[in-house]
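Undergrad:
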Amino acid sequence: MTAIFAHRGFSAIAPENTMAAFRAAEEAGADGIELDVQLTKDGRLAVIHDEKLDRTTNGRGFVKDWEWKELAQLEAKYKFSTLTRDTGIPLLEDVFEWMRENEIICNIELKNNEFPYVGMEEKVIRLIRQFNYESRVIISSFNHYSLTYAYQLAPDLETAALYSSHLYMPWKYAEAIRAGAIHPHIRTVKSEIIRSAVEHGIQIRPYTVNKEKQMKWLIEEGCSAIVTDDPRTALSIRDSILDF
Ligand code: G3P
Ligand code: CA
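As structure tokens, this is what we get:
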């Protein structure tokens, strides 16, 4: 069955990458969440999409130039100005604590394409081990050097190659870099890629799938998961297909 992952949480109705969005995803019945991780000046794993604070918070400048105690004071609710709860920047460990209360799968995107964030892989893996979440997490990145490094550090964890171009036989590429999954941009996905990935035991989870027609197609094709801003709609489409 195709799993439904909430992209940056239920980001259609709550501020992305906040506990409000992750809780909303759980309440909607999502199977998983996707989130983005950047490293602070003092080496903490902050859950925020952009390298800079400016778009989603009331702070300014690069995440990497601020210590956590300063970032912890910020609001990350940007366009959802009326919300009052759970709208700060979470740490990855805050999300992991909340995951003790549910069975949500967490797709952790290492945002180390712009800045290398030396030591990020070790920190994420250490936290996964601390919580015993080996079977509940996926480590994804557009930086495939980072993925292969994470694989060397922790071969038991699933890594997922994010990409947005038209890779030829991406399941073969995944095998070559020892990734257990491919996370393609939706515009690059074809039915034969889904089928071949599944046949080769490679998970395939396209992003960011917000059109109902695409959700239906991917679910009917037996895609491993879809990553969407609107998990509620994806879940209702999945239910209607399963009921048929
Ligand atoms: O999980 C895939 C997706 O999150 C990658 O793109 O820019 O939303 O982080 P972006
Ligand atoms: Ca992401």
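Mapping the sequence shown onto this note's numbering, position 29 (from 1) lands on 576, and the numbers just tick up by one. Where a beta carbon is used, it is the ideal one built from N, C-alpha and C, also for glycine.
Taking Cβ positions, are residue 718 and residue 729 nearer each other than 8 Å?
TA: It is a contact, given that the beta carbons lie within the stated cut-off.
Undergrad: May I ask you to report which of helix, strand or coil DSSP gives residue 786?
TA: DSSP places residue 786 in helix when its eight states are reduced to three.
Undergrad: Just curious, the alpha helix (DSSP H) that residue 642 is in, first and last residue?
TA: It spans 639-646 - the alpha helix (DSSP H) in which residue 642 sits, taken as one unbroken run.
Undergrad: What residue from 727, 754, 562, 757 has the CA that sits closest to residue 744's CA?
TA: Considering only alpha carbons, the answer is 727.
Undergrad: For the region 695-708 against the region 664-676, do three or more pairs of beta-carbon atoms, one drawn from each stretch, fall closer than 8 Å, so that the two count as touching?
TA: Contact holds: three or more Cβ-Cβ distances are below 8 Å.
Undergrad: Are there 16 or more other CB atoms within 10 angstroms of the CB of residue 650, so buried, or fewer, so exposed?
TA: Result: exposed.
Undergrad: Are the Cβ atoms of residue 708 and residue 692 separated by less than 8 Å?
TA: Cβ atoms of residue 708 and residue 692: not closer than 8 Å.
Undergrad: Threshold first: 3 residues or longer. Then list the beta strand (DSSP E) segments lying entirely within the region 715-791, N to C.
TA: Correct list: 728-731, 772-775.
Undergrad: Pull up the distance between the alpha-carbon of residue 640 and that of residue 653, whole angstroms please.
TA: Approximately 12 Å, taken between the alpha carbons.
Undergrad: Please classify residue 631 as buried or exposed, where buried requires at least 16 other C-beta atoms within 10 Å of its C-beta.
TA: Burial call: exposed.
Undergrad: Taking just the CA atoms, how far does residue 555 sit from residue 724?
TA: Whole-angstrom Cα-Cα distance: 26 Å.
Undergrad: Please give the ranges of any beta strand (DSSP E) in the region 608-696, keeping only runs that are unbroken, at least 3 residues long and fully inside the region.
TA: Segments of the beta strand (DSSP E) lying fully in the region 608-696: 652-657, 684-688.
Undergrad: Comparing C-alpha positions only, which one of 588, 590, 589, 611 sits nearest to residue 597?
TA: Closest option to residue 597, Cα to Cα, is 611.
Undergrad: State the CB to CB distance for the pair residue 784 and residue 763, rounded to an integer number of angstroms; the pair is presumed to be in contact (CB under 8 Å).
TA: Yes, residue 784 and residue 763 are in contact; Cβ-Cβ is about 5 Å, under 8 Å.
Undergrad: Can you check which of these residues, 710, 657, 629, is closest to residue 561 by C-alpha distance?
TA: When each option's Cα is compared against that of residue 561, the closest is 629.
Undergrad: Ignore the nearest five residues each way along the sequence and tell me which others in residue 621's own chain have a CB closer than 8 Å to its CB.
TA: Around residue 621: 600, 604, 605, 606, 635, 636.
Undergrad: Tell me whether residue 550 sits in a helix, a strand or coil according to DSSP, three-state version.
TA: Reduced to three states, the DSSP call for residue 550 is strand.
Undergrad: Find out if the Cβ-Cβ distance for the pair residue 580, residue 773 is shorter than 8 Å.
TA: Their beta carbons are not under 8 Å apart, which means residue 580 does not touch residue 773 by this criterion.
Undergrad: Give me the Cα-Cα distance between residue 619 and residue 587, rounded to the nearest whole angstrom.
TA: If I take the Cα positions, the gap works out to 11 Å.
Undergrad: Using DSSP bridges, identify the partner residues of residue 588.
TA: Bridge partners of residue 588: none, in fact.
Undergrad: Can you tell which of 578, 615, 710, 577 has the C-alpha that lies nearest to the C-alpha of residue 595?
TA: Taking only the C-alpha atoms, the option nearest residue 595 is 615.
Undergrad: Are the beta-carbon atoms of residue 670 and residue 582 separated by less than 8 Å?
TA: Against a cut-off of 8 Å, the Cβ pair of residue 582 and residue 670 comes out as no contact.
Undergrad: Return the CA-CA distance between residue 535 and residue 775, expressed in angstroms with no decimal places.
TA: Lying before the first or after the last residue shown, residue 535 is absent from the chain, which here runs from 548 to 791.
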